[in-house]
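Chemist:
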Amino acid sequence: MENHCVHERTIGSNLLKNSNLSDSLRVHISDCVHCQKKYDLICHENSIIKEEVERYRASIDMKDHLTREVSLQLESYLEEVEKVAKFKKRYSFGSLKENIVSFGKGLTDPISLFILFVIAAFYLIQI
Numbered sequence: 038m039e040n041h042c043v044h045e046r047t048i049g050s051n052l053l054k055n056s057n058l059s060d061s062l063r064v065h066i067s068d069c070v071h072c073q074k075k076y077d078l079i080c081h082e083n084s085i086i087k088e089e090v091e092r093y094r095a096s097i098d099m100k101d102h103l104t105r106e107v108s109l110q111l112e113s114y115l116e117e118v119e120k121v122a123k124f125k126k127r128y129s130f131g132s133l134k135e136n137i138v139s140f141g142k143g144l145t146d147p148i149s150l151f152i153l154f155v156i157a158a159f160y161l162i163q164i
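Position one of the sequence shown corresponds to residue 38 (the numbering used here), numbered consecutively onward.
1) Does DSSP put D60 in a helix, in a strand, or in coil?
2) For M38 and T47, I'd like the C-alpha separation in whole angstroms.
3) Can you grab the Cα-Cα spacing for the pair D146 / Q163, in whole Å?
4) Given a cut-off of 7 Å on the beta-carbon distance, is the pair H41 and H71 in contact?
5) Are the beta-carbon atoms belonging to G49 and I79 less than 7 Å from one another?
6) Check for me: the alpha helix (DSSP H) holding D101 runs from which residue to which?
7) What does a CB cutoff of less than 7 Å around V118 pick up in its chain, not counting 5 residues either side in sequence?
8) Any idea if K123 is buried or exposed, counting beta-carbon neighbours within 10 angstroms, 16 or more meaning buried?
9) Run through DSSP, which three-state label would V43 get?
10) Taking the C-alpha atoms as reference points, what is the distance between S113 and K120?
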């Protein structure tokens, strides 16, 4: 069973909070074998993480290429949406035109004309 140091747990949190360790902790790390191993391990893992982040960072050219590709896809999608919107607009205008014509035809019916005459007469009598 290995012996562990109490300060071993605080090394990582102190390094994350600020990269500067306190003077007393630095002296302790240089004296304590367990803390020295932990400190070296954390520094090694930090360097690996930084390397990996740099490796997977997209270059400016790649970002520009992806931006252009997405904008082209968006433009083609918007063109299709505009086509559908124009068709729906034409269809709804045609439907409105048909309803107006149907309403006009309904007014020429003798029964409809008589009902309109009766309504207009009551309206005029009330005024």
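Each residue gets a CB set at the ideal place from its N, CA and C atoms; glycine is no exception.
Modeler: Answer, in terms of the structure:
1) helix
2) For M38, the predicted model reports a pLDDT of 42, less than 50, meaning its position is unreliable; a value from the coordinates is still stated below. So the two alpha carbons sit approximately 21 Å from each other.
3) 26 Å
4) yes
5) Yes, the Cβ-Cβ distance between G49 and I79 is below 7 Å.
6) Looking at the DSSP string, the run of the alpha helix (DSSP H) that includes D101 is I97 to L144.
7) none
8) K123 should be labelled exposed.
9) coil
10) 11 Å
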